[in-house]
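Engineer: Taken in order, the sequence shown gives residues -26 to -1, 1 to 94; the numbers are from mature numbering (1 follows the signal peptide of the UniProt record, and there is no 0). For every residue, glycine included, the Cβ atom is placed at its ideal position computed from N, Cα and C.
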Amino acid sequence: MNLRRLTGPAAAAAVLLCTGPPPARADAVAYLVNVTVRPGYNFPNADAALTYGDGICGKVRAGERYAQIMREVKEDFGNPDEYQASYLISQAVGELCPAQIWQLRQSAAGYVPPTGPVRQ
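1. Taking the straight line between their C-alpha atoms, what separation do you get for L70 and R35?
2. Counting along the chain, where does the alpha helix (DSSP H) carrying F51 start and finish?
3. Between V47 and L62, which are expected to be in contact by the criterion C-beta below 8 Å, what is the C-beta distance as a whole number of angstroms?
4. For A66, which of helix, strand or coil comes out of DSSP?
5. Do the region 37 to 56 and the region 17 to 24 make contact, defined as three or more Cβ pairs closer than 8 Å?
6. What did DSSP end up calling V(-12) once you bin it into helix, strand or coil?
7. Secondary structure at E56, three-state DSSP: helix, strand or coil?
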């Protein structure tokens, strides 16, 4: 067996294994499409939507708990709908700061929606 023949492919494989996947990149357009076309958020413009989404990302980065972020989103929009709030949070993190997805998931583990009368 020729050792020189194996060295090239082995080195290439080692480089590929050590580099890992490329870093996740933000997709502001996807975020804007998903939260401005969907009814319920009523952002006055794209800048306001992006600013709000970036704020959610900042809260996740700072270690704010999922339950607290959910509470704040529901209060900000005056809508107690769990799905509406979780959708916005998921879109913000998934599209604007995908590197924070794991942190958001860890924070959301075990989350149980509050019980009680739903106010409209």
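Structural biologist: Quick answer:
1. Counting from 1 along the sequence shown, the entry for residue 70 is found at position 96. Counting from 1 along the sequence shown, the entry for residue 35 is found at position 61. Near 12 Å, if we compare the C-alpha coordinates of R35 and L70.
2. Start at 1 with the first residue of the sequence shown, and residue 51 comes out as number 77. Element bounds for F51: Y40 to F51.
3. Residue numbering aside, residue 47 sits at position 73 when the sequence shown is read from its first letter. Residue numbering aside, residue 62 sits at position 88 when the sequence shown is read from its first letter. Indeed they touch by this definition, with Cβ atoms about 6 Å apart.
4. Residue mapping note: residue 66 aligns to position 92 of the sequence shown, counting from 1. A66 falls in the helix class under three-state DSSP.
5. Proximity of the region 37 to 56 to the region 17 to 24 falls short of the contact definition, fewer than three beta-carbon pairs being nearer than 8 Å.
6. As a position in the sequence shown, residue -12 is number 15, starting the count at 1. Any reading at V(-12) must be qualified, since the residue scores a pLDDT of 49, below 50, and its modelled position is unreliable; the value itself is stated next. V(-12) falls in the helix class under three-state DSSP.
7. Start at 1 with the first residue of the sequence shown, and residue 56 comes out as number 82. Helix, per DSSP.
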